[in-house]
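J.: Submitted below is the structure of interest, expressed as structure tokens.
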Amino acid sequence: MRRPKRLRRPRDVARFFHATLAPLVHEEVWIAALDAHDRVRGARMVCRGGLLSGSLRAADVLRAALELGAVAFVMAHNHPSGDPAPSDDDVALTHAIEHAAHLIGVPLQDHVIVTPAGRFASIFRAASSR
Numbered sequence: 001m002r003r004p005k006r007l008r009r010p011r012d013v014a015r016f017f018h019a020t021l022a023p024l025v026h027e028e029v030w031i032a033a034l035d036a037h038d039r040v041r042g043a044r045m046v047c048r049g050g051l052l053s054g055s056l057r058a059a060d061v062l063r064a065a066l067e068l069g070a071v072a073f074v075m076a077h078n079h080p081s082g083d084p085a086p087s088d089d090d091v092a093l094t095h096a097i098e099h100a101a102h103l104i105g106v107p108l109q110d111h112v113i114v115t116p117a118g119r120f121a122s123i124f125r126a127a128s129s130r
């Protein structure tokens, strides 16, 4: 039996979601629920059509994480344009979800943007360098 994939770094998250998100021509937002050892318990799409155009709410993300039994979770979404740079809206929504996740004790560990060409960016790392 194979052990579940560990997601510890932005590169791990990008590789995990690349096959699912890279070929899409529209945006989708996914989460991966993690156990106490950063192993994937499950993954689920939480929004189709972009972060804001799809009306993604923190409650929707947290509900999915809890249903998957997450101790922590990561988020990923794609930028079909090929530019992995997070928008201001990407950053603002990520921080709102991070805050709500902290309040319920299931931390958001990262949010990674993937592109068709395999480029990626961590919103947490990009935000800390702004």
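Residue numbers (my numbering): 1 to 130.
Glycine included, every Cβ here is placed at the ideal spot set by N, Cα and C.
Since we're looking at a predicted model, the values are computed, not measured.
With a CB to CB cut of under 8 Å and the five nearest residues on each side skipped, what residues in its chain are close to Val106?
T.: So the list reads Leu62, Ala65, Leu66, Ala70, Val71, Ala72 and Phe73, once near-sequence residues are dropped.
J.: Report back the beta-carbon spacing between Pro84 and Arg125 to the nearest angstrom; my notes put them in contact at under 8 Å.
T.: Not a contact, Cβ separation roughly 11 Å.
J.: Val46: buried (16+ other C-beta within 10 angstroms of its C-beta) or exposed?
T.: Buried is the call here.
J.: Quick check: the Cα distance between Asp12 and Glu27, rounded to an integer number of angstroms?
T.: Their backbone Cα atoms lie some 20 Å apart in a straight line.
J.: Residues bridged to Arg140 by DSSP?
T.: Nothing about residue 140 can be read from this structure; the chain reaches only from 1 to 130.
J.: List the residues that DSSP assigns as beta-bridge partners of His77.
T.: DSSP, once it has assigned bridges, lists Val29 and Ile113 as partnering His77.
J.: Closer than 8 Å by C-beta to Ile123: which residues in its own chain qualify, once you throw out the five before and the five after it? Chain order, please.
T.: Correct list, in chain order: Pro86, Asp90, Val91, Thr94, Asp110, His111, Val112 and Ile113.
J.: Buried or exposed: which applies to Val25, given that a residue is buried once 16 or more other Cβ atoms fall within 10 Å of its Cβ?
T.: The residue in question, Val25, is exposed, as its Cβ has fewer than 16 Cβ neighbours within 10 Å.
J.: Quick check: what's the CA-CA separation for Asp35 versus Ala59?
T.: Roughly 20 Å separates the two Cα atoms.
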